[in-house]
Amino acid sequence: MQAKTIQAPVWKRLSLQVWDFWGWVTLLVYVFLALFIVYPLFSLMATSFYDENGVFSFQNYIDFATLKYFRNALWHSFAVSGLATFFAILIGVPMAYVTTRYNVRFKGLMHIMIIMSLVSPPFIGAYSWILMLGNNGFITNFLRDIGIHIKSIYGMHGIVFVFTLQLYPHIYLYVSGALKTIDTSLEEAAESLGMSAWKRLRTVTLPLIFPTLSAGALMVFMASFADFGTPMLIGQGYKTLPILAYEQFISEMGGNAAMASTLSVVLILCTTMILFAQRYIVSRKNYAMSGMRTPKVKQLRPLPKFLLTLGALAVVSVSIIPQATVIVTSFIKKKGPVFHKGFSLDSYREILFRVPKAIINTYTYSILSIVIMVVVGMLVAYILVRRKSKLTAAMDSILMLPYVMPGTVLGISLIIAFNKPPIVLTGTWIILVIAYIVRKIPYTIRSSTAILHQLDRNVEEASISLGVPPAKTFFKTTARLMVPGVASGAILSWVTTINELSSTIVLYFGATATISVTIYSEVFTSNYGTGAALASILSLTTLVSLLIAYFVSGRKEMNV
Amino acid sequence: MQSVTFEHVTKYFGQSKAVNDAHFKIEEGEFFTLLGPSGCGKTTLLRTIAGFYKQEEGNLYFGDRLMNDVPTHNRDIGMVFQNYAIFPHMTVFENVAYGLRARKVSKKEIEERVMEALEMVELGHLRDRAPSNMSGGQQQRIALARAIVIRPSLLLMDEPLSNLDAKLRIKMRSDIRKLQKDLNITTIYVTHDQEEALAVSDRIAVLSEGRVQQIGLPHEIYSYPSNRFVANFIGTSNFVRGTSGQYNAATGSAKIGVQGMSKTMKLTSAFEGEVLISVRPENIGVSVQRGHEEELAGEIETVTFLGEKVSYGIRLVDGQKLEASVHSVEPRRMLREKMSVFVDLRLDRAVIFDETGKEAVYRASQDDSSAGLETA
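Protein sequence lines correspond, in order, to chains W and F. Position one of the first sequence corresponds to residue 1 (my numbering), numbered consecutively onward. Position one of the second sequence corresponds to residue 1001 (my numbering), numbered consecutively onward.
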């Protein structure tokens, strides 16, 4: 026996750890990330530095900086996103405060309606507001008949309006979560110091929930900054960056991939900058709170209670109107694209006859994607939580990239990367499934890591010590115990996948069209009835999925 | 049944050594305890044996077999965790049968062996229950049954009793001890509770800061601690400053002085200079009248009545403080605060360390130390 004083080399120290089952999983995940996130992103950046003749140049960026056309789009994007965020806060915070602090009625119903309006695709909201407030919308017509002329929904104000109603639920969900766990003794301390209720709210409560509020605001800003459908449908002349990128890429004159890439890079730079800005602000204003005493729900007298309930219901109703409108519209009798009085199933008959493939496509691609997302998401979560190392920390960062890549940008980057050898995927359904996985898997991963943090590591070690190899142990114990937690994120991945438009619109071709792109083209060709029928199918699927999740999870708090 | 040999095993966490040069052997059928405060490396060492960690340096053997690259699931071990680690999605029976199913044991034999194991831990009647609502004691019995049913060559227990309440702990530890002797499984047991370690173990290894401080029989560790850490960690010890002088190489003895008193003692190693004398509270004699020359003068500062014993806080003339405990004192003979007393340190029963406390220069009896390989 002789003492070894030299430390074994790194490769030897790692040998047992790395090349087991999890080592291979890590490798495969890295291959996937490199191929479908990193490589497309680099292709996108590379393309943005070449002019039409394939010569390296900064011309695209110079064009962007000098041409008003492009600069305006950037300004438009910031304007609508900023305003939408502002109004979403204005609606979302009071909604959260009222429903968490006062005994208003119908809380459960409002909660699920708010979530419903959040997960329905933005373009469905935009579309139904066109049906109501468009140039030929039924409210517009009704008001015109009685002599009132209102501005139609088209234009910047319409985009902001739709975004606000669509996205304030983010603020509501984040803030009501924070308000429920805030340490109420801080508020009581302020009260004992003689602060009025309003000042208390402004000087204590709001600063305490600020980090959470800013996370919600970030979600609103990012979603509206990246959205494609809404500005496309009701922006008309008012163009935002994602639209411009899309138009540059898919233009009838052949398209300008280089300029589209440049715009995409600008988009990513903006979203990244905003993400870091939010992180920076929060890091300076984060308070550790030990919410030992959570706030009580205040019992109101009948009249204030009635008024607050009414107010909250009014907000929720307005935000759910689009869904209702779409569903009603889908049943209206019609001849060709023209609506008639009375109800019928004409629109449904027509879509079954004309675009059955889109329905099949949506469900097959989404089911395939969600299965992969759940399996891969659980494995990735396991690596991130249980196999912490520099390698997995890097993986975590790469997985953040889809957050800052708008759907349109992801679509463009995938096409640029995979429309030429060595790997050609453009025009296949595979590229759609890949896009869905990359974009939507973060929800599943997030909920999977959350549940894993709660699971006792010793349980799987007990299994391994009893002679069951690590991989088998994962599937026999850990994976089974993870399922309830994973489900909450997976349901979100699922509903956002079936509703996905912004990357699909770039990546699909005739045979791989999904419901969402079909709605989009139906609306563009003024086939409102069929569009509504398709949208209703999506809404119904979404609602049923949410309800199943709601009841399966034992009516626990639904977190989005 | 299996012996376990550590050959200069070192495990790093980053730059620090969680286990530092462990070098000893655990014999077949032995109940061996790793004892130490939290962060001393005892759990790390156990998990290295299990294969959840791999040491960067040194070799680990089960019997003659080198285990360094054998993954956990091939090590043939049974393990019991502090927080039970019961499979919550399985019944009691399925939990215990889990390891047997992995070993492809026939259905009939599984039935027999699981029930036998459940009977051993007195849980046969609960076989079809879901474990999640069962008490901590019951869950830990399931875990124990699950570990022994596979008849492992090695049973590893990581603080199995520390989540249980005090009474149950005492019953469970004697049950575990009995089960281990009946089954004759080499058992390695981790605990921070010295009383538990003394009660169950054949031998104990005391660890601190990744290093094995001492390995020995329970009474050896208690009576003859090899350094200040062990003396302090096991039971309570008084540390009295003194000197060692006039070392005589021929006889191996030196004069040990404390506060003007001195006594010639035979040292285990040549040493002159400052020393630390470790004295157990129960080895200190306290009397109102001076009995002999070697006694030190002091004053009672505190008197604490603890039922079976009385604990006195005594301040010596030079300001050093001692704790002395006297068993079964008649109430009327109890000493009172402020009384002047004479203290007999009974140096021959004490352990004397060099000034750093790292090494003993005198221990009461050296002959019966069968402590095996020692490091430090």
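Just so you know, even glycine gets a beta-carbon here, dropped at the ideal spot from N, CA and C. Quantities reported herein were computed from a predicted structural model and do not represent experimental measurements.
- Annotation: L67(W) to L540(W) spans about 45 Å, alpha carbon to alpha carbon.
- Pairing L74(W) with P169(W), the inter-Cα distance amounts to about 25 Å.
- Closest by C-alpha distance to A178(W), out of G92(W), S397(W) and T542(W), is G92(W).
- Contact between the region 230-247 of chain W and the region 180-190 of chain W is not established, with fewer than three Cβ pairs separated by less than 8 Å.
- The distance from the Cβ of T1010(F) to that of G1063(F) is about 22 Å, inconsistent with a contact at the 8 Å cut-off.
- The region 1089-1104 of chain F makes no contact with the region 1163-1172 of chain F, as fewer than three CB pairs between them are under 8 Å.
- For H1073(F), the nearest CB of chain W lies under 8 Å from its own CB, placing it at the interface with that chain.
- Annotation: the continuous alpha helix (DSSP H) that includes K1042(F) extends over K1042 to A1050.
- For V1070(F), the closest of T1048(F), Y1084(F), G1078(F) and P1088(F) by C-alpha to C-alpha distance is T1048(F).
- If you draw a straight line from the Cα of V29(W) to the Cα of V380(W), it comes to about 7 Å.
- The C-beta of G1260(F) comes no closer than 8 Å to any C-beta of chain W.
- For the region 1100-1121 of chain F, the set of positions with a beta-carbon nearer than 8 Å to some beta-carbon of chain W reads A1102 and R1103 in chain order.
- It is roughly 23 Å from the alpha-carbon of A324(W) to the alpha-carbon of D145(W).
- Assigned with DSSP and collapsed to three states, N60(W) falls in helix.
- When C-alpha distances from V104(W) are compared across S347(W), K305(W) and D456(W), the shortest belongs to K305(W).
- Rounded to the nearest whole angstrom, the CA to CA distance from F163(W) to V315(W) is 14 Å.
- Under the criterion of beta carbons closer than 8 Å, I274(W) and L213(W) do not qualify as touching, at roughly 15 Å.
- Residue environment analysis places I360(W) among the exposed positions, since fewer than 16 neighbouring C-beta atoms fall within 10 angstroms of its C-beta.
- Between the region 484-492 of chain W and the region 204-223 of chain W there are fewer than three C-beta pairs closer than 8 Å, too few to call the two in contact.
- Cβ proximity to chain F below 8 Å picks out nothing from the region 368-393 of chain W.
- Under the three-state reduction of DSSP, H1008(F) is assigned to strand.
- Distance from the Cα of G137(W) is smallest, within the candidate group V265(W), P470(W) and P322(W), for P322(W).
- One thing to note: A1130(F) has its Cβ no nearer than 8 Å to the Cβ of S1223(F).
- Nearest in C-alpha terms to R1290(F), of all of I1221(F), Y1247(F), S1340(F) and V1004(F), is S1340(F).
- Chain-ordered, the chain F residues with CB closer than 7 Å to the CB of A462(W) read M1079, F1081 and A1085.
- Between A1102(F) and T1072(F), the C-beta gap is not smaller than 8 Å, which leaves the two residues out of contact.
- For the region 473-484 of chain W, the beta-carbon criterion of a distance under 9 Å to any beta-carbon of chain F is satisfied by T473, K476, T477, R480 and L481.
- The beta-bridge partner set that DSSP reports for Y1312(F) consists of V1303(F) and A1324(F).
- At least one CB atom of chain W sits nearer than 8 Å to the CB of A1050(F).
- Across the set T512(W), F474(W), R386(W) and I423(W), the C-alpha of T512(W) shows the shortest separation from the C-alpha of W429(W).
- In the three-state DSSP reduction, A1085(F) falls in the coil class, being neither helix nor strand.
- Distance from A462(W) to M1079(F) at the Cβ level is roughly 6 Å; contact confirmed, criterion being Cβ atoms closer than 8 Å.
- Between P402(W) and P442(W), the gap from beta carbon to beta carbon is short of 8 Å.
- If the five residues before and after T525(W) are omitted, its C-beta is found closer than 6 Å to no C-beta atom of its own chain.
- N60(W) counts as buried, since no fewer than 16 other beta carbons sit within 10 angstroms of its beta carbon.
- Around A1199(F), the same chain offers R1173 as residues with beta carbons nearer than 7 Å, after the five sequence neighbours per side are excluded.
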